[in-house]
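Residue numbers (our numbering), protein chains in the order written: chain A, 1 to 207; chain B, 1001 to 1207.
No residue lacks a Cβ here, since even glycine has one placed at the ideal position from N, Cα and C.
Printed below as a string of structure tokens:
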């Protein structure tokens, strides 16, 4: 599918065809591609739970205000933003930069300092915003990639974050910016026209 | 361009061909498409400054640690997250939902309550995270769309947010999650291989 068509035709789907599965192979292909998303200093502050069994979708539905699409979708991704990516991933990012010629070895500490500065102190607002921003880039990449693999999606805010963390054993210091339901449009559903969008002149200035 | 290829081939470009312009028509096409991004309750909490004149790119470069790519890129987008989107856009979203049959008229107040609840109180962390999350979805949509229009991009964190706000008269209560430089790869540059990515097994669990 053409990228421009994917952007035009991607819609947030409320009615998924129940009982249709996405193979684990296809889920992995989707995640692998989404993982090519850019991130601040390439620190990739995202984690993922791919909920694709009937039992666990039912459990997730209970944490998501009983919305049927959680069970009807083939899979629901819990998108997790990890504020501690600088500690976890910086050494490997710097190793690869050094090896591939992105950076001279003597610049390593300078870059590490910039990473730490950008991600802010543990527990800070800066760190939360960085994690959520980058996990959202990953989420959007995943939704457009899904179109290319013949799948529909829905980014969901309607869930109880504390309940999801408890049910799926996600540590308290992580954030969950969204769930993304993925699957196939229900066969008897015709989508309504796109809802309101602002004219670009309302929110864009050129300088 | 195929969406899967766009995802695979999108790279964060450091060296843009200086002096190449993107026409205002093409910039508008790009923004129009990116604006089809999903957002929480469709509230579209993003604004944009498209900096595409030599003088203003020079001014922006001064706010971005003097990075040459700010001037060398054809245009640099200042991506602005607006925490007040619920006040600004909710009535029009609800109007369109009512008109298009998304929602029964008597549900209007229920949905407005849900929007307000989700976006949180003015000035709250919740509101900032919501604005940044959604503006980032918009940003990723814009970067992949750009590939489809033959453009390269680079999402940038390296800038002084307060200085950008001052120079471009952006109100203090807005957030700037990123700049996105856009343009054409410099003709004599060969990209290095992609840097480190985690194996998906490291950050994904299936349930």
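Any idea if residue 1072(B) is buried or exposed, counting beta-carbon neighbours within 10 angstroms, 16 or more meaning buried?
Residue 1072(B) is buried by the Cβ-count criterion.
Within the continuous beta strand (DSSP E) that includes residue 1156(B), where are the two ends?
Secondary structure note for residue 1156(B): its beta strand (DSSP E) is the uninterrupted segment 1152-1156.
Alpha helix (DSSP H) segment containing residue 1006(B), residue limits
For residue 1006(B), the enclosing alpha helix (DSSP H) begins and ends at 1003-1009.
What are the residues of the region 1144-1155 of chain B that lie near chain A, defined by any Cβ-Cβ distance shorter than 9 Å?
Going along the region 1144-1155 of chain B in chain order, one finds 1144, 1145, 1147, 1148, 1149, 1153, 1154 and 1155 with a Cβ nearer than 9 Å to chain A.
Can you tell which of 177(A), 167(A) and 206(A) has the C-alpha that lies nearest to the C-alpha of residue 60(A)?
Ranked by how close their Cα comes to the Cα of residue 60(A), the residues 177(A), 167(A) and 206(A) have 167(A) in first place.
Please compile the residues from chain B whose C-beta is within a distance smaller than 9 Å of the C-beta of residue 44(A).
Within 9 Å of the CB of residue 44(A), the CB atoms of chain B belong to 1196, 1197, 1198 and 1203, in sequence order along the chain.
Are the beta-carbon atoms belonging to residue 1057(B) and residue 1051(B) less than 8 Å from one another?
Going by beta carbons, residue 1057(B) and residue 1051(B) fall inside the 8 Å limit.
Would you mind listing the alpha helix (DSSP H) stretches within the region 77-125 of chain A that are 4+ residues and don't spill past its ends, in chain order?
Qualifying alpha helix (DSSP H) stretches, in chain order: 85-100 and 108-119.
Span of the beta strand (DSSP E) holding residue 1177(B)?
Note, residue 1177(B): beta strand (DSSP E), 1175-1183.
Taking only runs of the alpha helix (DSSP H) that begin and end inside the region 1181-1205 of chain B, which ones reach a length of at least 4 residues, in chain order?
With a minimum length of 4 residues, the continuous alpha helix (DSSP H) runs that stay inside the region 1181-1205 of chain B are 1200-1203.
With residue 1149(B) as the anchor, note down where its beta strand (DSSP E) starts and where it stops.
Residue 1149(B): not part of any beta strand (DSSP E); DSSP gives it neither H nor E.
Simplified DSSP state of residue 129(A), which is helix, strand or coil
Under the three-state reduction of DSSP output, residue 129(A) falls in the helix class.
Can you find a CB in chain A that lies within less than 8 Å of the CB of residue 1160(B)?
Interface criterion not met: the Cβ of residue 1160(B) is under 8 Å from no Cβ in chain A.
Identify, in the order they occur along the chain, each residue of the same chain with its Cβ nearer than 8 Å to the Cβ of residue 1111(B), setting aside the five sequence neighbours on each side.
Counting only Cβ-Cβ distances below 8 Å, and skipping sequence neighbours, we find 1041, 1094, 1097 and 1103.
Are any of the Cβ atoms in chain A nearer than 8 Å to that of residue 1193(B)?
Yes, residue 1193(B) lies at the interface with chain A (some Cβ there is under 8 Å from its Cβ).
Where do the N-terminal and C-terminal ends of the alpha helix (DSSP H) with residue 1020(B) fall, by residue?
Careful: residue 1020(B) lies outside any alpha helix (DSSP H) and carries neither H nor E.
Element boundaries [beta strand (DSSP E), containing residue 50(A)]
Start and end: 46-51.
Could you name the residues of the region 112-129 of chain A whose beta carbon sits closer than 9 Å to any beta carbon of chain B, in the order they occur along the chain?
Considering only beta carbons, the part of the region 112-129 of chain A lying closer than 9 Å to chain B consists of 114, 118, 125, 128 and 129, in chain order.
As assigned by DSSP and simplified to three states, the class of residue 138(A):
DSSP places residue 138(A) within a helical segment (H, G or I) once states are collapsed to three.
Is there a C-beta anywhere in chain B that falls below 8 Å from the one on residue 139(A)?
Among the residues facing chain B, residue 139(A) is included, as its CB has a counterpart in that chain under 8 Å away.
Using a Cβ cut-off of 7 Å, which residues of the region 40-70 of chain A contact any Cβ in chain B, in chain order?
Listed by position, the residues of the region 40-70 of chain A near chain B (Cβ gap below 7 Å) are 40, 42, 44, 46, 47, 48, 49, 50, 51, 52, 53 and 56.
What does the alpha-carbon distance come out to for the pair residue 1134(B) and residue 132(A)?
One C-alpha to the other measures close to 10 Å.
For the alpha helix (DSSP H) that contains residue 38(A), what are its first and last residues?
Residue 38(A) -> no alpha helix (DSSP H), and no H or E assigned at all.
Can you grab the Cα-Cα spacing for the pair residue 1149(B) / residue 3(A), in whole Å?
Across the structure, residue 1149(B) and residue 3(A) are spaced so that their CA atoms are roughly 9 Å apart.
Assign residue 147(A) to one of two classes, buried (16 or more other C-beta atoms within 10 Å of its C-beta) or exposed (fewer than that).
Buried: at least 16 other Cβ atoms inside 10 Å.
Beta carbons nearer than 8 Å to chain A: which residues of the region 1019-1041 of chain B have them?
Those would be 1024, 1027, 1028, 1031, 1032, 1033, 1034, 1035, 1036, 1037, 1038, 1040 and 1041, in chain order.
Taking 8 Å as the cut-off, does the region 151-166 of chain A touch the region 179-188 of chain A (at least 3 CB pairs, one atom from each stretch)?
Flag = yes, the region 179-188 of chain A and the region 151-166 of chain A touch.
Which of helix, strand or coil does DSSP assign to residue 59(A)?
Residue 59(A) falls in the helix class under three-state DSSP.
Mind checking if residue 1132(B) is an interface residue toward chain A, Cβ cutoff 8 Å exclusive?
Yes, residue 1132(B) lies at the interface with chain A (some Cβ there is under 8 Å from its Cβ).
Go ahead and pull the three-state DSSP assignment for residue 1163(B).
Here residue 1163(B) sits in helix by DSSP.
Counting only Cβ pairs nearer than 7 Å, list the residues of chain B close to residue 101(A).
For residue 101(A), the residues of chain B that pass the 7 Å Cβ criterion are 1192, in the order they occur in the chain.
Min CB distance residue 1107(B) to chain A below 8 Å:
False, the Cβ-Cβ gap to chain A never drops below 8 Å.
Taking C-beta pairs closer than 8 Å, name the residues in chain B that residue 2(A) reaches, listed in chain order.
1001, 1002, 1003 and 1148, listed in chain order.
Between which residues of its own chain and residue 1021(B) is the CB-CB distance below 7 Å, once the five residues before and five after are set aside?
Excluding positions up to five away in sequence, the list reads 1074.
With distances taken between CB atoms, is the gap from residue 81(A) to residue 174(A) smaller than 8 Å?
Yes, the Cβ-Cβ distance between residue 81(A) and residue 174(A) is below 8 Å.
Examine the ligand FAD and report whether any of its heavy atoms sits within less than 7 Å of the Cβ of residue 114(A).
Summarising the ligand content, the structure contains no ligands, and the ligand FAD is consequently not present.
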